[in-house]
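In what follows, a single structure is set out as structure tokens and then discussed.
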Amino acid sequence: MSQRGGLLFPAALGISAAAHLLMLFLWPYSPLRPAQLPPEPIAVRLLQTPRPAPQPPAASQRQAPRPEPQILAPEPAPPPALVPRTEPAPQPAAEALLELAPPPPETVVSPQAVDRGSPAVPGTDASASLAAEIAATQAVLASLRARIAEKIRYPALARANNWQGKVLLRLALDQDGRLLGLAVRRSSGYAVLDRAAAAVLRSVIPVDNPLGRPLQLDYEIAYELKD
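Using this note's numbering, you'd call the opening residue of the sequence shown number 1 and step up by one each time.
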């Protein structure tokens, strides 16, 4: 047994030596690995594709030429109608400033009739009542004239425009001389004069009524500019 063991040791030593020699022989032929370098960045460049040129429209799709507009000779204008020249109408008469109360049955007397000493309405009745009424009318008219002469003023607008005229007013008085109704019977043609006449007449009433019963009469106020 010891002899066999002595034989194995040299054999193992020889095998180990042979293995080392083989490694030394194969070492020069082992492949070399290249060094690892960082990857280079890849640049991407986008190329713009040129747009295709627009295709000319097909002959069938081309717009047909527009017809030239026809120039028509203008029709002659009709001659202007002749408008008759009209003069400016005077200012309309003012409406009644106050509705009159139902007229009393007494006779209406105007200032002109009183000045002539005759009644305003036709008739031949010479009774005492008519004479008394005429006398009362004269007294009322005299009182109105005196009072109006103190208060009447020419309207500034009418004076500036040289407006003149006469206003005929009708007034009704009760038995005590208070105003029952007032209206414009004949306008001056200018509302400003009509209103001024009515205003001044109102300002002097009531007046004394010697008749003692309702009385209706006319009164005229003239607006005239004197040089």
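C-beta atoms are modelled at their ideal positions from N, C-alpha and C, and glycine is treated no differently.
Quantities reported herein were computed from a predicted structural model and do not represent experimental measurements.
For A157, the three-state DSSP class (helix, strand or coil): Correcting the residue identity first, residue 157 is Leu in this sequence and not Ala. Looking at L157 - three-state DSSP - the assignment turns out to be helix.
P214 vs V140 beta-carbon contact at 9 Å: no
A156 Cβ short of 8 Å to the ligand MG heavy atom set: Ligands displayed in this structure: none; no statement on the ligand MG is therefore possible.
Cβ neighbours of A230 in the same chain (closer than 6 Å, five flanking residues each side left out): Given a span of 1 to 227 for the chain in the structure shown, any question on residue 230 remains unanswerable.
Sequence-distant residues of the same chain with beta carbon closer than 6 Å to I205, five excluded per side: L179
Beta-carbon proximity check, L201 vs P155, cutoff 9 Å: no
Straight-line Cα distance separating L144 from R185: 18 Å
Span separating the alpha-carbon of A160 from that of L225: 11 Å
Alpha-carbon to alpha-carbon, A132 and S187: 30 Å
Of the listed residues R153, A135 and I134, nearest to A199 (C-alpha basis): R153
Euclidean distance between Cα positions of I134 and A142: 12 Å
Spatially closest choice to Y190 from S127, L171, A158 and E150, by CA coordinates: A158
A146, buried or exposed, once every other Cβ within 10 Å from all chains shown has been counted against 16: exposed
Outcome for A172 when other beta-carbon atoms lying within 10 angstroms are tallied against a minimum of 16: buried
Whole-angstrom C-beta distance between E220 and L182, which should lie under 8 Å: Wrong, their Cβ atoms sit about 14 Å apart, outside the cutoff.
Closest Cα partner of G235 within the set R170, D176 and R195: As displayed, the chain neither begins before 1 nor continues past 227, which places residue 235 out of reach and without an answer.
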